[in-house]
Ligand SMILES: [Zn+2]
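Numbering (my numbering), first residue to last: 1 to 335.
Pasting the structure below:
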């Protein structure tokens, strides 16, 4: 543990989180730099409050090159009316705002990966300061937390909403109920490669009901994936009793990532030839993809084999692959 009390966050909100009605404002983070000596990073946010009730904290742009979340949340922020809300909705469409503006996964200022920066630090980098503000100021206000992700520029996913297996089974059940309400075409019991420093973990350790998504990828959004995000966030707010109206039911198929065998990594670099597309069935030992050495013709490609049976749920997006890249992720259909 820390041997000294943490200093206050340098971030100041331009909204009052306890005020009734709709407020559009910013989280203002002082950032002194060459082109603005006393400048700030201005992270847009909207707070909608109406009376007593639960608080939902909604975030996109945790990674700056993932777009379904920001699309759904900029849209929700401009359309959500206080009279349709019971409780409070806090909307931050682009959490790692410098990364979002640069269209990159990590911050253009400090290269910080927001989802590896928790609990953050009030005297750290810009990314760590944003993480610290969420850790100590925003997460404690929330009952339910929805953090949108997609594959970004280097991965592409089947569109799914997800929650984690948790030690607290009551907390876990509430999260999976919201995943079900979200109504993405696929719903996932999600395993992380490395959960340390994640916003997910911070929220779950605080006892919050946390759900996330992977809704596509390749550094863009489609009409279909943006539509899934918009319907999903409205459904989650309705299921939580925060937004008026009935959940718009949608068929979903449940998937499970049972263990680390679901991930396949490249052991060499080169030209990637996919042999399966997203949503296709794969058997143990099947060749998921070939990697051709790019330096010469006539050389045999490296085969990347599946280590379990499952549905191809995620794949490497760019046409060239590097050693260590995640080539594919498999998941098993539940029930
Ligand atoms: Zn992400």
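We put the beta carbon where it would ideally sit given N, CA and C, even for glycine. Source: prediction; values computed, not measured.
**Q.** Selected residue, minimal CA-CA separation from residue 197, among 24, 120 and 221
**A.** Indexing the chain shown from 1 puts residue 197 at position 197. Per the Cα distances, 120.
Q: Evaluate contact between the segment 280–290 and the segment 170–188, counting only Cβ atoms and requiring at least three cross-stretch pairs below 8 Å.
A: No: the two stretches stay apart, fewer than three of their Cβ pairs being nearer than 8 Å.
**Q.** Cβ-based burial, residue 195 [other Cβ within 10 Å; buried from 16]
**A.** As a first step, residue 195 must be located in the chain shown, where it is residue number 195. Answer is exposed; the Cβ neighbour count stays below 16.
Q: Starting from the Cα of residue 294, find the closest Cα among 278, 271 and 277 and give me that residue.
A: Counted from its first residue, the chain shown places residue 294 at position 294. The option with the nearest alpha carbon to residue 294 is 271.
Q) Comparing the CB of residue 150 with every heavy atom of ligand 1, is any distance shorter than 8 Å? A) Here residue 150 is taken as the residue at index 150 of the chain shown, counted from 1. For residue 150, the Cβ falls inside the 8 Å cut-off from some heavy atom of ligand 1.
**Q.** Expected contact under 8 Å - CB spacing of residue 48 and residue 89 to nearest Å
**A.** Stepping through the chain shown from its first residue, residue 48 is reached at position 48. Stepping through the chain shown from its first residue, residue 89 is reached at position 89. Taking 8 Å as the upper bound for CB-CB distance, residue 48 and residue 89 are in contact here, some 5 Å apart.
Q) Which class does residue 118 belong to by DSSP, given the choice of helix, strand or coil? A) Your numbering for residue 118 matches position 118 in the chain shown. Of the three classes helix, strand and coil, the one that applies to residue 118 here is coil, per DSSP.
Q) Hey, would you say residue 94 sits closer than 9 Å to residue 237, going by beta carbons? A) In the chain shown, the residue the question calls residue 94 occupies position 94. In the chain shown, the residue the question calls residue 237 occupies position 237. No; because the gap between Cβ atoms is not below 9 Å, this pair is not in contact.
Q: Round the Cβ separation of residue 325 and residue 265 to the nearest angstrom and send it over; I've been treating them as touching at under 8 Å.
A: On the chain shown, position 325 is the one that residue 325 refers to. On the chain shown, position 265 is the one that residue 265 refers to. With 8 Å as the limit, residue 325 and residue 265 qualify as a contact, their Cβ atoms being about 7 Å apart.
Q.
Looking at ligand 3, does it come within less than 8 Å of residue 30, judged from the CB to the closest heavy atom?
A. Among the ligands in the structure shown, ligand 3 does not appear; only ligand 1 can be found there.
Q) Can we say the segment 207–221 touches the segment 137–154, given the rule of at least three CB pairs closer than 8 Å? A) Taking 8 Å as the limit for Cβ pairs, the verdict is that the segment 137–154 does touch the segment 207–221.
Q: Tell me the start and end of each unbroken alpha helix (DSSP H) in the segment 118–146 that is at least 4 residues and wholly inside, in chain order.
A: 126–133, all fully within the segment 118–146.
(Q) Extract the residue ranges of the alpha helix (DSSP H) inside the segment 193–281, only unbroken runs of 4 or more that lie entirely within it. (A) 199–205 and 223–239, all fully within the segment 193–281.
Q. Sorted by chain position, which residues of the same chain lie with C-beta nearer than 6 Å to residue 244's C-beta, five sequence neighbours on each side aside?
A. Within the chain shown, numbered from 1, the residue matching residue 244 stands at position 244. Within its own chain, the residues whose Cβ lies closer than 6 Å to the Cβ of residue 244, once the five positions on either side in sequence are excluded, are 84, listed in chain order.
**Q.** Contacts around residue 24, its chain only, beta-carbon distance under 6 Å, and the 5 residues preceding and following it disregarded
**A.** Within the chain shown, numbered from 1, the residue matching residue 24 stands at position 24. Taken in chain order, the residues that qualify are 46.
Q.
Taking a contact to mean a Cβ-Cβ separation below 9 Å, would you say residue 216 touches residue 159 in this structure?
A. Here residue 216 refers to the residue found at position 216 of the chain shown. Here residue 159 refers to the residue found at position 159 of the chain shown. Yes, the Cβ-Cβ distance between residue 216 and residue 159 is below 9 Å.
Q. In terms of alpha-carbon separation, which member of 318, 9, 52 and 230 lies closest to residue 19?
A. Mapped onto the chain shown, residue 19 falls at position 19. Ranking 318, 9, 52 and 230 by Cα distance to residue 19 puts 52 first.
Q. Say the cut is 8 Å; is the CB of residue 164 nearer than that to a heavy atom of ligand 1?
A. What you label residue 164 is simply residue 164 of the chain shown in a count that begins at 1. When distances are taken from the beta-carbon of residue 164 to the heavy atoms of ligand 1, even the shortest one reaches 8 Å or more.
Q: Going by DSSP, name the residue or residues bridged to residue 43.
A: Along the chain shown, read from residue 1 onward, the residue named residue 43 stands at position 43. Per DSSP, 27.
Q. In the structure shown, what three-state DSSP assignment does residue 320 receive?
A. Looking up residue 320 in the chain shown gives position 320. When secondary structure is reduced to three states using DSSP, residue 320 falls in the strand class.
Q | Alpha-carbon to alpha-carbon, residue 190 and residue 313 | A | Translated into the one-based positions of the chain shown, residue 313 becomes position 313. Translated into the one-based positions of the chain shown, residue 190 becomes position 190. The alpha-carbon of residue 313 is positioned some 11 Å away from that of residue 190.
Q) So does residue 105 have its beta carbon nearer than 8 Å to some heavy atom of ligand 1? A) Indexing the chain shown from 1 puts residue 105 at position 105. Yes, since a heavy atom of ligand 1 falls inside the 8 Å radius drawn around the Cβ of residue 105.
Q. Name the DSSP beta bridge partners of residue 49, please?
A. Indexing the chain shown from 1 puts residue 49 at position 49. Paired residues: 21 and 88.
Q) Measuring CB to CB, does residue 104 end up less than 9 Å from residue 114? A) Stepping through the chain shown from its first residue, residue 104 is reached at position 104. Stepping through the chain shown from its first residue, residue 114 is reached at position 114. No, these two residues do not count as a Cβ contact at 9 Å.
Q. So, is residue 59 buried or exposed, given that buried needs 16 or more other C-beta atoms within 10 angstroms?
A. The residue you call residue 59 lines up with position 59 of the chain shown. So residue 59 ends up on the buried side.
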